[in-house]
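Down below is the structure, laid out as structure tokens.
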Amino acid sequence: RALGRHVPPSLLLSTLLLALLPGGSTARAAPVPSVPIDHIVLLYQENHSFDNLFGEFPDAEGIPRTAAVGVQVDRFAVPYKRLPPVQEAGTPDHRFPPNLPNRPFPLLSYVSLRDLIPDPIHSFYRNQLQIAGGVGSGYVAWGTTGALPMGYYETQRLPIYRIAREYTVLDHFFQAAFGGSFLNHMWLVSAQTPSWAHPPADWIAEPVFDESGNLIGLRRDGKVTPDGYVVGTVEGQIAPHHPATPIDHLLPPLTMPTIGNRLSEAGVRWAWYSGGWRDAVAGRPPPTFQFHHQPFAYFARYGPGSAERTLHLKDEADFLADLQSDRLPSVCFVKPLGANSEHPGYSNVEDGQKHILSLIRAIQASRYWSRCAILLTYDEFGGFWDHLPPPRVDRWGPGTRIPAVVISPYTKKGGVDHHVYDTTSFLRFLEWRFGLQPLADRDATAANLREAFHFPPKPRP
């Protein structure tokens, strides 16, 4: 069944409390009423929009079945007669017809779930130009892979389809920030964009705005905004990172507060479990290990040799070990290795989703399941089209809509939740559950994921 649409309210009390606390104090908020959720697990996959994976999900606001849906225009606002050929690095991908119609098309007509496909570009400024003020007509023109952004998977053929049908799909869940993985991982843990006082000059973007301040083009794409905010993929000075990267091209250690700080200072056990982490720290990262998918590793508090790193930054293998040996923390962030992440270019959908299913089944078979909540979602859209306009909140986002599924004994079974969420809604849920102060304005005012749950009423006294 479908749940009611809801625009998230401003949580004025939380915002006021945050403003009154100097420096964003980590003093705890008021305790929340008892709820039967003691363990919260985030399964964080890579690079797919909602329409790309869940565009055919029953009762969800998926791909509209109208002739004009998804029409793409070139950079002069002229509709394509036919979509440009799918390509990678300028080379045509001959698995796809060279003259696809100007509309969404089913990927599985040309490739399988086990096939690798090209990796569409997904940068901060391009994402805004692709969204095109909410029309969504720029995904091809501001992409680099021809027609590919308009491809979608038939939802019922996905390995995760059945479990999504058993629990609750969130069909208005948006990535917190425009663009790619680095920035959205930062928003996942801190609800803000990091700054860099002295970035490399050749990494500074040159966006073009009209007289009203609307982004209309790019003289140069870049990793850093003209006023010094980091919006593209960079690595940090704190190891692990690629050893050959010059020091002036590594982001200095960050010190702004994170959800990790809030949880630790409230006495809540937590861990970030990352596939390949142990080998990466030892100097032998697996081929698909992604340094920029390790957000806490950018922060001074979690530097090499620190007690905080030992306590909280772990290998994905440790997640299963902790699950099976009754040591599971209250909050778990699980980041699969790149090969299992579904990231186009180096991971396929079938293997990635089967890996995620194995983690879900392991949780369900554990003693923790009866008081557990799982959020399966993706960091960002991966350059793929989605027809639904994101809400307009601030200069950072939200960006394109992404898949999200809540899995728990207490979720609303077989439903689609139409409330408007973004990545910071997960932070809001943690803050509500454990009585934490928000990190910034966005998580303070985000819709709480508790709307996706149905908790039993308290017995009368």
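If you use our numbering, the sequence shown corresponds to residues 121 to 581, in order.
Glycine residues also receive a C-beta, built at the ideal position from the N, C-alpha and C atoms.
Computed from a predicted model, the values in this text were never measured in an experiment.
Once DSSP output is grouped into helix, strand and coil, what is the label at Arg512?
coil
Less than 6 angstroms between C-beta atoms, sequence neighbours within five positions excluded: which residues of the same chain meet that for Pro199?
Val191, Val193
Given a cut-off of 7 angstroms, decide if Val189 and Leu268 are closer than it, judged by their beta-carbon atoms.
no
Look at Thr353 and Gly535 and say whether their C-beta atoms are less than 7 angstroms apart.
no
Taking the Cβ atom as the reference point for each residue, do Asn468 and Arg234 lie within a distance shorter than 7 angstroms?
yes
Measure the alpha-carbon distance for Ala564 versus Phe546 and round it to whole angstroms.
11 angstroms
Does the count of Cβ pairs from the segment 492-499 and the segment 510-523 closer than 8 angstroms reach three?
yes
Give me whichever residues DSSP pairs with Thr582 in a beta bridge.
What the structure shows of the chain is the stretch from 121 to 581, and residue 582 is not part of that stretch, so it cannot be assessed.
Please confirm whether Ala261 and Arg195 have their CB atoms less than 7 angstroms apart.
yes
Pro509 versus His242: straight-line alpha-carbon distance, rounded
17 angstroms
Cα separation between Lys434 and Ser394?
6 angstroms
Below 7 angstroms CB to CB, which residues in the same chain sit around Glu204 once its five sequence neighbours on both sides are set aside?
The question names Glu, but residue 204 is Pro in the sequence shown. The residues are Val260, Gly266, Ala267.
For Gln248 versus Leu335, is the C-beta spacing smaller than 7 angstroms?
yes
Quick check: what's the CA-CA separation for Thr313 versus Gly337?
22 angstroms
Is the beta carbon of Ile160 sitting closer than 7 angstroms to the one on Ala493?
yes
Measure the beta-carbon distance from Leu236 to Val454 and round it to whole angstroms, keeping in mind my assumption that it falls under 8 angstroms.
Wrong, their Cβ atoms sit about 23 angstroms apart, outside the cutoff.
Alpha carbon of Asp347 to alpha carbon of Phe329, nearest angstrom:
15 angstroms
Glu470 by DSSP, collapsed to three states: which one?
helix
Relative to the alpha-carbon of Gly503, which residue among Pro156, Val451, Leu448, Leu173 has its alpha-carbon at the smallest distance?
Leu173
Could you tell me the distance, in whole angstroms, from the CA atom of Ala567 to the CA atom of Ile358?
33 angstroms
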